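Numbering (my numbering), first residue to last: 231 to 587. From the three backbone atoms N, C-alpha and C, an ideal C-beta is built for every residue, glycine too. Keep in mind that this is a model prediction, so the values were computed, not measured. This report refers to the structure that appears directly beneath it.
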């Protein structure tokens, strides 16, 4: 079956999703009510394929063929031919509900509808639809054009055909599907956001600067970028919103004062280009705090059945480039040391403030 894709929302994620589908030879209609957003998206997509030619990854005729599959539109009705509709608008449940309500009457009865939400419950969004059985989550990671992982989230109502259509789309576009249970933050953000939040606690307490925390994180987890650098790429405001969505799991998940402040300001973290090295004991404290935050949350995620331990490690490696993902971290530390780190975290946060304590 030939898949025809409609992407709703021409922001950074919507544009990246469009590129991913276009690069597999699939026709894409990218829809946004704002002409300026469509103009920016068109320029970004053109620039992507131009770079592919300049770096020798694509021949020019092939790049032009892929790009010719793109249609930019302000008209929601232009999604009618789509076999899969991917919603990628702002992470506001009211905005998403209103859009989904508009979309459903315009498409065929068997068209699959997916949301790219990173933190909202898919089942809650499904309430906007008369036919929630064709609805699911496809959470792409930034940059969506090239990041190989997509979380695929079924609700209790999602039918097998819709799930297979979504899985087929991911196969065609060269993505690794990470199957997740419907839960706030799903698998990857559920552990990555608290890890970043703990990093901001460390700076807020004056233990280390953003540059120093990033340096320790890179060494500890085999990362190219530390948590503050990643937050600056995606924007601290987005991280704050994602972290706020996790507070239902307990007070440990409450955004730190530092994250709350900079997220509200809409500014970026100031990261020193060449941070002063930390004293060995302080660097160890920073590493252990970051490790403990990950170990605690990952234990919860696996125990809740959100994702398997192996799949979580696969997602951390591929989506976030963790050289030492959570499972490998636990194995390298040993069960006794991992338990000690988590116990220390429990001492800092009363048990009643931690979910499943």
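Provide the residue(s) that pair with residue i in DSSP beta bridges, ordered along the chain.
| i | result |
| --- | --- |
| residue 501 | DSSP lists no partner for residue 501. |
| residue 367 | 345 and 383 |
| residue 411 | 384 |
| residue 235 | 258 and 314 |
| residue 303 | 261 |
| residue 406 | 379 |
Please name the residue in the options whose C-alpha comes closest to that of residue i.
| i | options | result |
| --- | --- | --- |
| residue 312 | 435, 341 and 442 | 341 |
| residue 239 | 333, 357, 281 and 253 | 333 |
| residue 579 | 484, 561 and 491 | 484 |
| residue 350 | 373, 370 and 323 | 323 |
| residue 417 | 464, 461 and 367 | 367 |
| residue 434 | 465, 468, 491 and 480 | 491 |
| residue 375 | 570, 538 and 242 | 242 |
| residue 530 | 544, 498 and 482 | 482 |
| residue 474 | 463, 510, 486 and 465 | 486 |
| residue 258 | 316, 285 and 287 | 316 |
| residue 443 | 415, 405, 385 and 507 | 507 |
| residue 410 | 392, 384, 427 and 499 | 384 |
| residue 479 | 534, 458, 462 and 292 | 534 |
| residue 455 | 277, 510 and 551 | 551 |
| residue 514 | 538, 236, 460 and 432 | 432 |
| residue 294 | 363, 252, 405 and 402 | 252 |
| residue 565 | 522, 545 and 577 | 522 |
| residue 344 | 235, 304 and 290 | 235 |
| residue 372 | 389, 460, 394 and 287 | 460 |
| residue 335 | 577, 321 and 360 | 360 |
| residue 499 | 512, 509, 510 and 457 | 457 |
| residue 406 | 512, 326, 281 and 543 | 543 |
How close, in whole Å, do the beta carbons of residue i and residue j come, if the pair is a contact with beta carbons under 8 Å?
| i | j | result |
| --- | --- | --- |
| residue 572 | residue 516 | Not quite, the Cβ-Cβ distance comes to about 17 Å (not below 8 Å), so this is no contact. |
| residue 421 | residue 528 | 5 Å |
| residue 261 | residue 300 | Between residue 300 and residue 261 the Cβ distance is about 12 Å, and since that is not below 8 Å, they are no contact. |
| residue 379 | residue 254 | The Cβ separation is near 16 Å, so there is no contact. |
| residue 553 | residue 451 | 6 Å |
| residue 297 | residue 279 | 5 Å |
| residue 363 | residue 392 | 7 Å |
| residue 415 | residue 476 | 5 Å |
Is the CB-CB distance between residue i and residue j below 8 Å?
| i | j | result |
| --- | --- | --- |
| residue 233 | residue 314 | yes |
| residue 532 | residue 413 | no |
| residue 381 | residue 355 | no |
| residue 309 | residue 275 | no |
| residue 472 | residue 423 | yes |
| residue 425 | residue 247 | no |
| residue 575 | residue 520 | no |
| residue 191 | residue 488 | Not covered by the structure: residue 191. The range shown for the chain is 231 to 587. |
| residue 593 | residue 346 | In the structure as shown, the chain begins at 231 and stops at 587. Residue 593 is therefore absent and cannot be evaluated. |
| residue 501 | residue 436 | no |
| residue 304 | residue 330 | no |
| residue 403 | residue 245 | no |
| residue 271 | residue 302 | yes |
| residue 524 | residue 559 | yes |
| residue 419 | residue 348 | yes |
| residue 555 | residue 546 | yes |
Below 7 Å, is the gap between the Cβ of residue i and the nearest heavy atom of the ligand PLP?
| i | result |
| --- | --- |
| residue 264 | What this structure holds is no ligand at all, so the ligand PLP is not there to describe. |
Sufficient close CB pairs (3 or more, under 8 Å) joining the region 385–405 to the region 443–461
no
Any 3 or more C-beta pairs closer than 8 Å across the region 488–505 and the region 455–470
yes
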